[in-house]
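Position one of the sequence shown corresponds to residue 123 (our numbering), numbered consecutively onward. Beta carbons are placed, not taken as given, at the ideal position from N, Cα and C, and that holds for glycine. Treat the numbers as computed from the prediction; the structure is a model and nothing was measured. Each remark here refers to the structure printed beneath this line.
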Amino acid sequence: MSDESFNKVVINLASLVHNYQVIQRTVGPSVSVLAMIKSDAYGHGLVEAAKALSQAGAKTFGVAEVDEGITLREAGIEGDVIVFLGSNNYEKIIQYNLSLVVFDQDVLAALSRQAVKQHTSVAVHLKIDTGMGRIGIMPTEANCYVEQIGTLPGVHLAGIMSHFPKADQEECLAQTTEQNEAFCCLLEKLAVKEIEAEQPPKQIHIANSAAINCLPESYNNLVRPGISLYGCYPSDFEVRLPQDQLQPVMSFYTKVIQLKDVPAGYGLSYGHLFITKRPTRLAVLPVGYADGYLRCLTGQADVIIKGRRAPICGRICMNACVADITDIPGVELFDEVVLMGKHSNNSSGAGGADMAAISAAEVADWMGTIHYEVLCLFGNSNQRIYR
Ligand SMILES: *Cc1c(COP(=O)(O)O)cnc(C)c1O
């Protein structure tokens, strides 16, 4: 992935900041926004995303593992950095002033011992499984954990959190609402509302992007958007999060490396899956599954050249594929080709507004997956350029 690659993922940091502001406006001034920047900020670049969001006022960041937290600190990121998957690297957590999501008593005890040894205290967020069926303690254990944290030296309860499994599904709204009520009930039993009045207030958080969209009563004092920060809509039903206001942050471009004309009846690429039906003008593109442009896009994908859609024909190879540009006049060697997003100068020709952009959701449909995976895949497989 040298600087000279034909394939470039372009990250528009102004759009990232715009989306952060849209979300902050949506949740209102009494709710803070915890920016989920795990997995290299969903493929957008951990440090670059954190710096842009910091400058825009973000003070709390969510990462998966301790190493990401260390990277942020070494890049000079201040504020709260919360490690969501837990860790047994207690020294590093303390050394880099990270906060830890906790869901295990042995981890809490060990963290406490190390913190006491280093004469400090670590902020922990207790994760309760209120229905996600993944990470977190069971609700029946919550009281015991809160008491344990209260008595252990070297750790303090900074927050209590949970997670929704189905907030993106409109037909499950009742279930999501019920889960949120159960979480609220539990918090009341734990007397967290009273603790919340303490300074600094405990952070109570459960809302991901989908819940920010559909369940305002789940905002508490902190929300945890990920996908919506990157300009993608979390669900296919719109309630609070204004879809038309979010801006895609990532685009993916390649260039034409050869133009050629072939006759009708000519087989294209490995296996000749596609046989031309007419005399055809082709643009060869230097992108393939090694760049995250997966083989399963074969027979599915379009690209945009000169503002117009061209289908990819035949097998997508490791580093190459072929587009049919017979209907697009004037294509030249090394012209920009949009794999996702729209043209960088946006001076697209004919084709209509919708046809002249390819969203992560559309690529995900072609691949048979979700836009989260497309962002991670493209972003982490290619050279990234920041605008
Ligand atoms: C990734 C993650 C989020 C963000 O989810 P989005 O759907 O991207 O908004 C929130 N909370 C937890 C615990 C996560 O792991």
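Local conformation of residue i per DSSP, three classes
i, result
"Leu395", "coil"
"Asp383", "strand"
"Ser221", "strand"
"Tyr212", "helix"
"Lys288", "coil"
"Ser350", "coil"
"Leu172", "The displayed chain sequence assigns Ala, not Leu, to residue 172. Helix."
"Arg431", "strand"
"Gly414", "coil"
"Asn166", "According to the sequence as given, residue 166 is His; it is not Asn. Note: His166 maps to coil in three-state DSSP."
"Thr299", "helix"
"Asp228", "helix"
"Glu458", "strand"
"Leu419", "helix"
"Thr262", "helix"
"Tyr388", "coil"
"Gly471", "For Gly471, the predicted model reports a pLDDT of 45, less than 50, meaning its position is unreliable; a value from the coordinates is still stated below. If DSSP states are grouped into helix, strand and coil, Gly471 belongs with coil."
"Lys324", "coil"
"Met477", "coil"
"Asp424", "strand"
"Thr148", "helix"
"Val371", "coil"
Residue i, buried or exposed, once every other Cβ within 10 Å from all chains shown has been counted against 16
i, result
"Lys324", "buried"
"Asp366", "exposed"
"Gly410", "buried"
"Glu190", "buried"
"Cys307", "exposed"
"Ala157", "buried"
"Val139", "buried"
"Ala423", "buried"
"Lys382", "exposed"
"Gly393", "exposed"
"Arg346", "buried"
"Thr241", "The amino acid occupying residue 241 in the given sequence is His; Thr does not appear at that position. Exposed is the call here."
"Met123", "Bear in mind that the predicted position of Met123 carries a pLDDT of just 48, short of 50, making it unreliable; the figure below should be weighed with that in mind. Exposed is the call here."
"Thr420", "buried"
"Ala332", "buried"
"Gly198", "exposed"
Rounded straight-line distance, which links the Cα of residue j to that of residue i
i, j, result
"Gly353", "Asp202", "23 Å"
"Ile334", "Glu200", "25 Å"
"Arg400", "Ala386", "4 Å"
"Val425", "Ala405", "11 Å"
"Ile216", "Ile438", "47 Å"
"Asn141", "Arg256", "28 Å"
"Ile397", "Arg403", "13 Å"
"Val229", "Tyr355", "36 Å"
"Gln369", "Tyr341", "22 Å"
"Asn467", "Ile450", "18 Å"
"Ile133", "Val244", "34 Å"
"Gly436", "Leu390", "5 Å"
"Arg519", "Met477", "Outside the displayed range of the chain (123 to 509) lies residue 519, so it cannot be described from this structure."
"Val153", "Gly452", "52 Å"
"Val149", "Ala445", "44 Å"
"His278", "Ile192", "21 Å"
"Pro364", "Ala136", "18 Å"
"Phe183", "Ala172", "8 Å"
"Lys160", "Val185", "4 Å"
"Leu327", "Ala231", "First, the residue type needs correcting, since residue 327 is His and not Leu in the sequence shown. Distance between the alpha carbons of His327 and Ala231: 24 Å."
"Lys249", "Ile434", "45 Å"
"Pro261", "Leu344", "20 Å"
Cβ-based neighbour list, residue i, same chain, cut-off 8 Å, excluding 5 preceding and 5 following
i, result
"Pro408", "Phe128, Asn129, Thr376, Lys377, Ile379, Asn441 and Ala442"
"Asn265", "Lys311 and Leu312"
"Thr273", "none"
"Ile480", "Asp424, Val425, Ile426, Val460, Leu461, Met462, Gly463 and Lys464"
Close-in-space but distant-in-sequence residues of the same chain around residue i (CB under 7 Å, 5 per side omitted)
i, result
"Leu295", "Cys336"
"Gly253", "Pro287 and Gln301"
"Phe500", "Val131, Gly165, Met372, Phe374, Gly414 and Met462"
"Val496", "Ala482, Val485, Ala486 and Met489"
"Gln146", "Val155"
"Val188", "Val205, Ser209, Asn211, Lys214, Ile215 and Leu220"
"Glu236", "According to the sequence provided, residue 236 is Gln. The question's Glu does not apply to it. Excluding residues within five positions, the ones whose Cβ falls inside 7 Å are Tyr212, Glu213 and Ile216."
"Leu455", "Val378 and Leu381"
"Asp162", "Leu168, Gly501 and Asn502"
"Glu339", "Asn302"
"Cys418", "Met489 and Gly490"
Same chain only: Cβ atoms within 6 Å of residue i, ignoring 5 sequence neighbours per side
i, result
"Glu269", "none"
"Leu395", "Gly436 and Arg437"
"Thr448", "Thr402 and Arg403"
"Asp457", "Val378"
Beta carbon proximity, residue i to chain C, threshold 8 Å
i, result
"Asp366", "The question asks about chain C, but that chain is absent: this structure has only one protein chain."
Heavy atom of ligand 3 within 7 Å of residue i beta-carbon
i, result
"Arg362", "For ligand 3, the structure offers nothing, since it holds only ligand 1."
Is the number of C-beta pairs between the segment 287-301 and the segment 168-178 that are closer than 8 Å three or more?
no
Specify whether the segment 484-491 and the segment 358-365 touch according to this definition: at least 3 beta carbon pairs, one from each stretch, less than 8 Å apart.
no
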